[in-house]
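S.K.:
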Amino acid sequence: MQKRQIEKHIYWLGAVDWDRRLFDSLIPLPDGTTYNAYLVEGSEKTALLDSVDPPMADELMNQLEHVPKIDFVISHHAEQDHSGTIPRVLERFPDAKVVVTPKAKGMLMDLLRIPEHTFITKEDGETLSLGNKTLKFIHTPWVHWPETMVTYLEEDHILFSCDFFGSHIATSDLFVTDQGRVYEAAKRYFAEIMMPFRSVIEKNIEKLRGYDIRMIAPSHGQICDRPAWIMDAYRDWVTGAPHNLVVLPFVSMHGSTRQMVNHLTSALVEQGVRVELFNLAVTDIGKLAMSLVDAATIVVGVPTVLAGPHPLAAYATFLANALRPKARFLSIIGSYGWGGKTVETLAGMIPNLKVEVLEPVLCKGLPSETDFEALNRLAAAIAQKHKENGFK
Ligand code: FEO
């Protein structure tokens with residue numbers, strides 16, 4: 001794809017990765033992604049903002065073929081899907097300087113072996129003049145690495161936000177056309193990489209309040225030319241109260257745990273609580289992460305195997321602990337054959353979660369009436385907790 005104009009003297013460059021299905025060998029990308037770079041031509045200087053993932057470097061280099069000069073490469077984030085092609089850009093434009101936060105400088109030297117003399121570091125709030133265009137650098141740490149920043153183009157009121165406000169969707173659309181689709185993809189992305197840093201993200205969003213942002217140009221996905229909705233969505237994900245929702249990741253080996261999951265689901269629905277089930281044998285962990293953004297309660301459905309929790313349930317629990325969702329309650333249900341330490345093992349895996357643990361329900365073999373009654377009590381306890389806290 002050729003470079004595309006966004007505004008006068010401002011262009012989208014980059015690559016659409018239609019085929020990618022996994023990021024960081026971990027995160028599912030059901031809709032592919034894009035790596036967006038941007039070219040800003042001032043009356044005196046030209047800046048390239050970010051680059052592309054190295055496997056797609058040729059696309060960017062072809063787009064730059066007829067660009068006569070680049071004075072500055074703005075690197076918002078050291079992760080290689082945005083920074084990885086900077087060394088090739090520097091080969092083509094050897095006099096260009098790489099503009100970064102002080103923290104990113106060391107990271108790019110480590111990750112890409114870019115020589116130290118190439119860098120210009122910018123403190124929070126500092127600017128860079130391109131002549132008739134001014135780039136203002138706003139430090140926004142932990143989106144989702146410690147070195148991250150965004151750039152506000154003052155004269156055009158455009159925020160170049162890198163991962164912040166981005167979404168993984170491969171499309172030929174330059175601007176958001178389907179807000180619902182982008183909302184879902186952006187929420188998934190927030191859940192997967194930014195949710196653990198909610199308190200810092202909140203400060204970053206607050207920091208942006210003072211700016212007249214008329215367009216957000218992220219480095220993944222489409223450009224928001226009416227950015228209020230995505231900023232409101234982020235505020236809700238970060239600071240909004242949990243919903244009247246139970247997220248129930250589970251795995252079942254011979255059907256006993258599944259029976260318990262089904263029974264608890266019915267009991268919760270009867271009590272007026274919404275439930276989202278995720279069968280860990282087949283689920284997309286991105287969908288699970290997305291549900292964790294809103295859930296008030298997590299219930300893990302887990303059979304005992306090899307004297308402990310099924311590894312898929314242990315994986316989901318590890319993930320939930322790492323993502324630090326705002327859930328307030330947690331319980332464990334499941335079946336065992338003859339014994340084991342399933343509850344103790346899982347309970348020891350959630351030090352990051354600020355949750356009250358509700359009485360687990362474990363049964364031996366197939367669940368009996370007594371076990372179903374215990375599940376009814378768990379459903380009632382969850383409904384009561386949600387009600388007491390005003391979760392809607
Ligand atoms: Fe899109 Fe954190 O890189």
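Counting from 1, position 345 in the sequence shown corresponds to residue 345 in full-length UniProt numbering; the numbering is continuous, with no gaps. Ideal Cβ placement from N, Cα and C applies to all residues, glycine included. Computed from a prediction, not measured in an experiment: that's the story for all the values here.
In this structure, how does DSSP classify Asp53 when only helix, strand and coil are distinguished?
M.R.: Of the three classes helix, strand and coil, the one that applies to Asp53 here is coil, per DSSP.
S.K.: Tell me the residue span of the beta strand (DSSP E) that contains Asp17.
M.R.: Asp17 -> beta strand (DSSP E) spans 10-17.
S.K.: Would the C-beta of Ile193 count as close to the ligand FEO, meaning under 8 Å from any of its heavy atoms?
M.R.: Within the cutoff, so yes.
S.K.: Measuring alpha carbon to alpha carbon, tell me which residue in Gly14, Phe391, Pro227 is nearest Phe164.
M.R.: The residue with the shortest Cα to Cα distance from Phe164 is Pro227.
S.K.: I'd like to check one pair, Thr33 with Gly180: are the Cβ atoms closer than 9 Å?
M.R.: Their beta carbons are not under 9 Å apart, which means Gly180 does not touch Thr33 by this criterion.
S.K.: Counting C-beta neighbours from all protein chains within 10 Å, is the total for Leu306 16 or more, i.e. buried, or is it exposed?
M.R.: Classification of Leu306: exposed, given that the 10 Å Cβ count is below 16.
S.K.: Cα separation between Tyr211 and Glu388?
M.R.: C-alpha separation (whole angstroms): 38 Å.
S.K.: Report the residue from Thr134, Asn132, Thr140 whose alpha carbon sits nearest the alpha carbon of Ala104.
M.R.: For the residues Thr134, Asn132, Thr140, the minimum Cα distance to Ala104 belongs to Thr140.
S.K.: Could you name the residues that DSSP lists as bridge partners for Val388?
M.R.: It is Glu, not Val, that sits at residue 388 in the sequence shown. Bridge partners of Glu388: none, in fact.
S.K.: Taking 8 Å as the cut-off, is the beta-carbon of Gly14 closer than that to any non-hydrogen atom of the ligand FEO?
M.R.: The answer is no for Gly14.
S.K.: Evaluate the contact criterion for the stretch 11-29 versus the stretch 149-164: three or more CB pairs, one atom per stretch, below 8 Å.
M.R.: Not touching, per the Cβ criterion.
S.K.: Tell me the DSSP secondary structure of Glu7 in three-state form.
M.R.: It is a strand residue.
S.K.: Starting from the Cα of Gly125, find the closest Cα among Thr118, Ala241, Phe137 and give me that residue.
M.R.: Of the listed residues, the one whose Cα sits closest to Gly125 is Phe137.
S.K.: Closest to His82 by CA distance: which of Ile382, Phe372, Ile120, Thr148 is it?
M.R.: When each option's Cα is compared against that of His82, the closest is Thr148.
S.K.: In this structure, does DSSP put Lys207 in helix, strand or coil?
M.R.: In the structure shown, Lys207 sits in a helix (DSSP, three-state: H, G or I).
S.K.: Would you list the residues sitting across from Val357 in a DSSP beta bridge?
M.R.: Val357 pairs with Leu330.
S.K.: Please give the ranges of any beta strand (DSSP E) in the UniProt domain "Flavodoxin-like" (246-383), keeping only runs that are unbroken, at least 3 residues long and fully inside the region.
M.R.: As far as the UniProt domain "Flavodoxin-like" (246-383) is concerned, its whole beta strand (DSSP E) runs of at least 3 residues are 274-279, 295-301, 329-336, 361-364.
S.K.: Closer than 8 Å to a non-hydrogen atom of the ligand FEO - does that hold for the CB of His254?
M.R.: Checking the Cβ of His254 against the ligand FEO gives no.
S.K.: Return yes when at least one heavy atom of the ligand FEO lies under 8 Å from the C-beta of Gly84, else no.
M.R.: Gly84: no, Cβ never under 8 Å from the ligand FEO.
S.K.: Alpha carbons only, please: which of Val261, Thr257, Gly240 is nearest the one belonging to Val246?
M.R.: Closest option to Val246, Cα to Cα, is Val261.
S.K.: Mind checking whether Val98 and Phe119 have CB atoms under 9 Å apart?
M.R.: Closer than 9 Å, so yes.
S.K.: In chain order, what residues of the same chain lie with their CB nearer than 7 Å to the CB of Met194, ignoring the 5 residues before and after it?
M.R.: If we look at Met194 and ignore the five residues flanking it on each side, its Cβ neighbours are Val143, His144, Ile201.
S.K.: What are the boundary residues of the beta strand (DSSP E) that includes Ser129?
M.R.: Ser129 -> beta strand (DSSP E) spans 127-129.
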